[in-house]
Amino acid sequence: MMLRRALLHLRYGPTCWVVVWLAVFAAEKSAWSDGSPLEYAVKATYLHKFAPFVEWPSPAAEFPDGNFTVCVVGSDPLGSLLDRAVNGQSVAGRPIVIRRMARVTGNPDCSVMYVTGSDAQSVTDALAAVRGMPVLTVTDGTTDPAAEGIINFVIADDRVRFDIDNTAATADGLTISSKLLSLAVHVNGGSR
Amino acid sequence: MSTPPPPPRVTPRLWRLTPIIALATVIALLTAGGLMARYVDRANARQEVDEVGVQARILASTVTAALAFNDRQAAQEYVNAIRANPQIEAAAIYDTGGKLFVSYKLAPDVTLPAAVQPGLPRFTDDRLIVAVPVTEGGASLGTVYLRSFTEPFALRLQRYGVIGLLMTMASVVVAVLGVMQLTQRRANEELARRAEQLAATNQALEAQIEQREMAEEALRQSQKMEAIGQLTGGVAHDFNNLLQVILGNLERLGRRLTVGGPARRGDSGGGDGGVGDQSRLIEAASRAAGRAATLTQRLLAFSRRQPLAPKSLDLNRLVAGLLDLLGRTLGETIHVETVLAGGLWRVFADENQLENALLNLAVNARDAMPGGGRLTIETQNVRLDEAYARAQEDLRPGDYILVAVNDTGIGMTKDVLARAFDPFFTTKDIGQGTGLGLSQVYGFVRQSGGHVRIDSAPGQGASIKLYLPRFFELDTLDTPAADPQPVPLGNRHETILVVEDEDDVRSFTRDTLRELGYEVREASNGHEALHALETNPGLRLLFTDIGLPGGLNGRQLADEARRRWPGLKVLLTTGYTRDAVVRHGRLEQGVELLVKPFTEADLARKIREVLDK
Numbered sequence: 012m013m014l015r016r017a018l019l020h021l022r023y024g025p026t027c028w029v030v031v032w033l034a035v036f037a038a039e040k041s042a043w044s045d046g047s048p049l050e051y052a053v054k055a056t057y058l059h060k061f062a063p064f065v066e067w068p069s070p071a072a073e074f075p076d077g078n079f080t081v082c083v084v085g086s087d088p089l090g091s092l093l094d095r096a097v098n099g100q101s102v103a104g105r106p107i108v109i110r111r112m113a114r115v116t117g118n119p120d121c122s123v124m125y126v127t128g129s130d131a132q133s134v135t136d137a138l139a140a141v142r143g144m145p146v147l148t149v150t151d152g153t154t155d156p157a158a159e160g161i162i163n164f165v166i167a168d169d170r171v172r173f174d175i176d177n178t179a180a181t182a183d184g185l186t187i188s189s190k191l192l193s194l195a196v197h198v199n200g201g202s203r
Numbered sequence: 152m153s154t155p156p157p158p159p160r161v162t163p164r165l166w167r168l169t170p171i172i173a174l175a176t177v178i179a180l181l182t183a184g185g186l187m188a189r190y191v192d193r194a195n196a197r198q199e200v201d202e203v204g205v206q207a208r209i210l211a212s213t214v215t216a217a218l219a220f221n222d223r224q225a226a227q228e229y230v231n232a233i234r235a236n237p238q239i240e241a242a243a244i245y246d247t248g249g250k251l252f253v254s255y256k257l258a259p260d261v262t263l264p265a266a267v268q269p270g271l272p273r274f275t276d277d278r279l280i281v282a283v284p285v286t287e288g289g290a291s292l293g294t295v296y297l298r299s300f301t302e303p304f305a306l307r308l309q310r311y312g313v314i315g316l317l318m319t320m321a322s323v324v325v326a327v328l329g330v331m332q333l334t335q336r337r338a339n340e341e342l343a344r345r346a347e348q349l350a351a352t353n354q355a356l357e358a359q360i361e362q363r364e365m366a367e368e369a370l371r372q373s374q375k376m377e378a379i380g381q382l383t384g385g386v387a388h389d390f391n392n393l394l395q396v397i398l399g400n401l402e403r404l405g406r407r408l409t410v411g412g413p414a415r416r417g418d419s420g421g422g423d424g425g426v427g428d429q430s431r432l433i434e435a436a437s438r439a440a441g442r443a444a445t446l447t448q449r450l451l452a453f454s455r456r457q458p459l460a461p462k463s464l465d466l467n468r469l470v471a472g473l474l475d476l477l478g479r480t481l482g483e484t485i486h487v488e489t490v491l492a493g494g495l496w497r498v499f500a501d502e503n504q505l506e507n508a509l510l511n512l513a514v515n516a517r518d519a520m521p522g523g524g525r526l527t528i529e530t531q532n533v534r535l536d537e538a539y540a541r542a543q544e545d546l547r548p549g550d551y552i553l554v555a556v557n558d559t560g561i562g563m564t565k566d567v568l569a570r571a572f573d574p575f576f577t578t579k580d581i582g583q584g585t586g587l588g589l590s591q592v593y594g595f596v597r598q599s600g601g602h603v604r605i606d607s608a609p610g611q612g613a614s615i616k617l618y619l620p621r622f623f624e625l626d627t628l629d630t631p632a633a634d635p636q637p638v639p640l641g642n643r644h645e646t647i648l649v650v651e652d653e654d655d656v657r658s659f660t661r662d663t664l665r666e667l668g669y670e671v672r673e674a675s676n677g678h679e680a681l682h683a684l685e686t687n688p689g690l691r692l693l694f695t696d697i698g699l700p701g702g703l704n705g706r707q708l709a710d711e712a713r714r715r716w717p718g719l720k721v722l723l724t725t726g727y728t729r730d731a732v733v734r735h736g737r738l739e740q741g742v743e744l745l746v747k748p749f750t751e752a753d754l755a756r757k758i759r760e761v762l763d764k
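Sequence order for the protein chains is E and C.
If you count by my numbering, then the first sequence holds residues 12 to 203, one letter each, in order.
If you count by my numbering, then the second sequence holds residues 152 to 764, one letter each, in order.
Right, dumping it as structure tokens:
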């Protein structure tokens, strides 16, 4: 059960903000559970789908070397799912490239960085390494605040959803669309 | 009689085209109405497309994230918000694969297409369908599908019906105007036709009037001829009688003188047969001649050609002076009264003629009162106003002096009244009246600028009113009538030139003047007269007839003589004046006139008067 407000511009009121209280939720049994391939396929898809809702400080930051670069740091749970997810896709007409790395130092030239951590570098360290840089960091299901990226996947109501740390995003020079923020389960340091 | 051309038709070309113009206007109006309805319909459809399109795009832009991250719940909320617009029958969001993601339906039985791709807006079955793409940052995410009710055809028809009604009304107005124009044009043509008829009728009428006038003119002419015949006949009759008396007496006198008079047997009827008998014959002839002179005077008065010698007169004094004579003339059965107004204005008229007129009227009044009665002569100042003057012939409004002669006699019938002024019209027996009395009065008064009026009815007596114009020159006083005096004589130092073409008259005048003691020279025409004047510088007076032969009449002679010899006295004489002497019925200033026939005494007095002036 959740409450949500949507602001719609309708023709019958020139600038009428209609507050819609929604109290409907039909519980839907998830067909998949934690760690299932479907869950990761969705997550793999989401990585580049965030792009239209995020504004990087500069095109160079969004497209290092001219490409929308999705970096996977640490152990790679997505594997080929990610390759399939971006196959044939593009962001603003730019090709999507995938870079996988065990650890990150300095400027990694990443648009999006999916951090899962590994023995070589913990999630927290990896995040610290790119702090202040215009990189959209995504973590997966952590509950440790220090290990949360700007976007942190969570499973809610048997669906893949996400929390957003808007403060961190702002600190890194990224602007996150309110449309995306409205979908987040939790927003930190909210513009909401 | 010329026929004027018929008036041109006053129907301009434009007016004749009016019905066509009206029809064209109606067609134009209806076409404009149709085009307008069509335009409004189109505009309406465009507006609907715009409105629904805007809503679809709003939905598409809000639903992007929910669609991208497969959040049906959030997407459903957005789609449900469409409910606020009851015009939207269904709304749905399809993913990039064209499959239904979420949907909203106004009613449960509304169906949605299974798959939708973005496309152009289209109208189907009173519905507007809009399908717009959902994009974010250039990435295509799916499609928003909106289906809206459009305005039902009946409703649109109703709206266009109003426009159509207005257009139809306008058309009707225009059509009515056109019809009215047509009717008016026909009416105008009818009017023109009638005007032509009227003009023709008028012409016929004018022709008739013209003919009638000609006929009347002919009638007048014949009446005039009849009147002239009556006049000449009457004059001839009277003159013959008088001439009979004169001739008869002269003949007897002549016989007496040649035979030796008194010795003639049985002629004197026992009288002395001497000088007394002769003088009785002369007296009879003279009396007849005097009556003949009076007769001509009256004729001239009627013809208004008598020479008048008007002067300023006090009518009261004139009437008073007549009373004695009237009393004797009218006899004892007639009681004469005068009602004389005080402060009576003066008139400017010929004294003798005025007395004559009053005497005439008095005699008429006496004749109208055979059994006796009362005669009243009345004087009065009156003012004839514009309205009265206009009703009379040739009368000017203003101040007049009224002299009325009223009697208590038998009065006059309308017929008599109508002919009262006609010459030789008389109600008296033959030989009792000439029929010239009232004519003379009428002629004299009219010539003096006055007006005559008779008020009478049978048994009611008669009132004859003479209106004479007021005279304003107050300084001229009429001199009392001189008593009969001995004939004034002349002397040898006073030379008179007598100019007369008639030998007998000249001889008589010459002899008379010589007997009176004047020195006399003679001339028979104007040129002779001028010559005589040149050769006799001592001439005191020019006595000339007006009608002279030889190209220089008496009037011109007098002018010339007075110019060359300013001290010369001039006396004119005539028996019949035209405007050579009389201008506007008056003698000109400084001209003396002796009217023929004149007696020896008349001549003597006038000559003396002129010489002594």
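Don't be surprised by glycine CBs; every beta carbon is placed ideally from N, CA and C.
Does any residue of chain C have a CB that is nearer than 8 angstroms to the CB of E/PRO68? Your numbering for residue 68 of chain E matches position 57 in the first sequence. Cβ-Cβ to chain C under 8 angstroms: no for E/PRO68.
State the Cα-Cα distance for the pair C/GLY560 and C/LEU512, rounded to the nearest angstrom. Mapped onto the second sequence, residue 560 of chain C falls at position 409. Mapped onto the second sequence, residue 512 of chain C falls at position 361. Cα-Cα distance, rounded: 13 angstroms.
Per DSSP, the bridge partner or partners of C/ARG273: The residue labelled residue 273 of chain C in the question sits at position 122 within the second sequence. Per DSSP, C/ILE280.
Collapsed DSSP secondary structure at C/ILE561 in the structure displayed: Mapped onto the second sequence, residue 561 of chain C falls at position 410. Of the three classes helix, strand and coil, the one that applies to C/ILE561 here is coil, per DSSP.
What residues of chain E sit near C/ASP222, judged by a beta carbon separation below 7 angstroms? What you label residue 222 of chain C is simply residue 71 of the second sequence in a count that begins at 1. Going along chain E in sequence order, the residues near C/ASP222 (Cβ under 7 angstroms) are LEU194.
What three-state label does DSSP hand C/LEU745 in the structure shown? Sequence index remark: in the second sequence, residue 745 of chain C carries index 594 (1-based). Strand, per DSSP.
Cβ of C/THR215 less than 8 angstroms from any chain E Cβ? Taking the first residue of the second sequence as 1, we reach residue 215 of chain C at position 64. Answer yes: the Cβ-Cβ gap between C/THR215 and chain E drops below 8 angstroms somewhere.
Using a beta-carbon distance cut-off of less than 7 angstroms, what residues from the stretch 278-299 of chain C approach chain E? GLU287, GLY288, GLY289 and ALA290
Straight-line CA distance for C/GLY315 to C/LEU181? As a position in the second sequence, residue 315 of chain C is number 164, starting the count at 1. As a position in the second sequence, residue 181 of chain C is number 30, starting the count at 1. Each residue's Cα considered, the two are about 8 angstroms apart.
Is it the case that the Cβ atoms of C/SER614 and C/ALA540 are separated by a distance below 8 angstroms? Residue numbering aside, residue 614 of chain C sits at position 463 when the second sequence is read from its first letter. Residue numbering aside, residue 540 of chain C sits at position 389 when the second sequence is read from its first letter. Cβ atoms of C/SER614 and C/ALA540: not closer than 8 angstroms.
Starting from E/ALA72, find everything on chain C with Cβ-Cβ shorter than 8 angstroms and list it in chain order. Position 61 of the first sequence holds residue 72 of chain E. Correct list: empty, because the minimum Cβ distance to chain C is about 15 angstroms.
Can you grab the Cα-Cα spacing for the pair C/ILE397 / C/ASN532, in whole Å? Walking along the second sequence from the start, residue 397 of chain C turns up at place 246. Walking along the second sequence from the start, residue 532 of chain C turns up at place 381. Roughly 46 angstroms between the two C-alpha positions.
Look at the alpha carbon of C/GLN362 and the alpha carbon of C/GLU347, and state the distance between them as a whole number of angstroms. Sequence index remark: in the second sequence, residue 362 of chain C carries index 211 (1-based). Sequence index remark: in the second sequence, residue 347 of chain C carries index 196 (1-based). Those two C-alpha atoms are separated by around 23 angstroms.
Using alpha carbons as the reference points, say which of C/GLY405, C/GLU483, C/GLU537 and C/LEU210 lies closest to C/GLN429. On the second sequence, residue 429 of chain C is found 278 positions in, with the first residue counted as 1. The candidate whose alpha carbon is nearest that of C/GLN429 is C/GLY405.
Quick one, are the C-beta atoms of C/THR725 and C/LYS757 less than 8 angstroms apart? Taking the first residue of the second sequence as 1, we reach residue 725 of chain C at position 574. Taking the first residue of the second sequence as 1, we reach residue 757 of chain C at position 606. Not in contact: C/THR725 and C/LYS757 (Cβ atoms no closer than 8 angstroms).
Near C/VAL592, which residues of its chain fall below 6 angstroms by C-beta distance, leaving aside the five closest residues on each side in sequence? Reading the second sequence from its first residue, position 441 is the one you call residue 592 of chain C. Taken in chain order, the residues that qualify are ALA508 and ASN511.
Nearest-angstrom Cα distance between C/GLU402 and C/ASP550? Within the second sequence, residue 402 of chain C is the residue found at index 251, counting from 1. Within the second sequence, residue 550 of chain C is the residue found at index 399, counting from 1. Going by the C-alpha atoms only, they are around 55 angstroms apart.
Do you know whose CA, among E/ILE187, E/GLY160 and E/ALA55, lies nearest E/GLY90's CA? Against the first sequence, residue 90 of chain E aligns to sequence position 79. When each option's Cα is compared against that of E/GLY90, the closest is E/ALA55.
Under 7 angstroms by beta carbon: chain C residues contacting E/ALA62: Here the question's residue 62 of chain E lines up with position 51 in the first sequence. Correct list: GLY288.
Closest by C-alpha distance to C/PRO521, when choosing among C/GLN381, C/THR484, C/GLN332 and C/THR489: By one-based count along the second sequence, residue 521 of chain C stands at place 370. Cα-wise, what sits closest to C/PRO521 is C/THR484.
Answer with yes or no whether the minimum CB distance from C/ALA219 to chain E is below 8 angstroms. For the purposes of this step, residue 219 of chain C is taken as the residue at position 68 of the second sequence. Yes, because at least one Cβ of chain E sits closer than 8 angstroms to the Cβ of C/ALA219.
Can a CB atom of chain C be found closer than 8 angstroms to the CB of E/LYS54? Residue numbering aside, residue 54 of chain E sits at position 43 when the first sequence is read from its first letter. Answer no: the Cβ-Cβ gap between E/LYS54 and chain C never drops below 8 angstroms.
Using the Cα positions of C/PHE694 and C/ARG706, report the straight-line distance between them to the nearest angstrom. Residue mapping note: residue 694 of chain C aligns to position 543 of the second sequence, counting from 1. Residue mapping note: residue 706 of chain C aligns to position 555 of the second sequence, counting from 1. Their backbone Cα atoms lie some 11 angstroms apart in a straight line.
To test your reading of the DSSP string, which unbroken beta strand (DSSP E) runs of 3 or more residues are found completely within the stretch 104-172 of chain E? 105-112, 123-128, 147-151 and 162-167
Cβ-Cβ separation, E/ASN163 to E/THR153 (assumed contact under 8 angstroms), whole Å: As a first step, residue 153 of chain E must be located in the first sequence, where it is residue number 142. As a first step, residue 163 of chain E must be located in the first sequence, where it is residue number 152. Their Cβ separation, rounded to whole angstroms, is 6 angstroms, which keeps E/THR153 and E/ASN163 in contact under 8 angstroms.
Span separating the alpha-carbon of C/ARG597 from that of C/LEU481: As a working note, residue 597 of chain C is residue 446 in the second sequence. As a working note, residue 481 of chain C is residue 330 in the second sequence. The straight-line gap from Cα to Cα measures roughly 27 angstroms.
Does the pairing of the stretch 292-306 of chain C with the stretch 236-252 of chain C give three or more beta-carbon distances under 8 angstroms? yes
Please decide whether E/LEU185 counts as near chain C, where near means a Cβ-Cβ distance under 8 angstroms. Taking the first sequence and counting its residues from 1, the one referred to as residue 185 of chain E is at position 174. No - not a single Cβ of chain C is within 8 angstroms of the one on E/LEU185.
Taking Cβ positions only, does C/ALA207 come closer than 8 angstroms to chain E? Looking up residue 207 of chain C in the second sequence gives position 56. No, its Cβ sits nowhere closer than 8 angstroms to a Cβ of chain E.
Using the beta-carbon of each residue, which ones in chain C are nearer than 9 angstroms to E/ALA103? The sequence position of residue 103 of chain E within the first sequence is 92, counting from 1. Near E/ALA103 (Cβ distances below 9 angstroms), the residues of chain C are GLY288, GLY289 and ALA290.
Where E/TYR57 meets chain C, residues with beta-carbon distance less than 7 angstroms: As a first step, residue 57 of chain E is located in the first sequence; it is residue number 46 there, counting from the start. The answer, in chain order, is PHE220.
What's the call for E/ALA180, buried or exposed, on a 16-neighbour Cβ count within 10 Å? Position 169 of the first sequence, counted from the start, is the residue given in the question as residue 180 of chain E. The residue is buried, with at least 16 neighbouring Cβ atoms inside 10 Å.
Assuming C/VAL253 and C/ARG223 form a contact by the criterion Cβ under 8 angstroms, report the distance between their Cβ atoms to the nearest whole angstrom. The residue labelled residue 253 of chain C in the question sits at position 102 within the second sequence. The residue labelled residue 223 of chain C in the question sits at position 72 within the second sequence. Correct: roughly 6 angstroms between the Cβ atoms.
Looking only at DSSP bridge pairs, what is C/TYR245 linked to? As a position in the second sequence, residue 245 of chain C is number 94, starting the count at 1. Note: C/TYR245 sits in a beta bridge opposite C/LEU251 and C/THR294.
Let me know the secondary structure DSSP gives C/SER607 once reduced to three states. Along the second sequence, one-based indexing puts residue 607 of chain C at 456. It is a strand residue.
So E/VAL65 packs on E/LEU192, CB below 8 angstroms; how close in whole Å? Here the question's residue 65 of chain E lines up with position 54 in the first sequence. Here the question's residue 192 of chain E lines up with position 181 in the first sequence. Contact doesn't hold; Cβ gap of about 11 angstroms is too wide.
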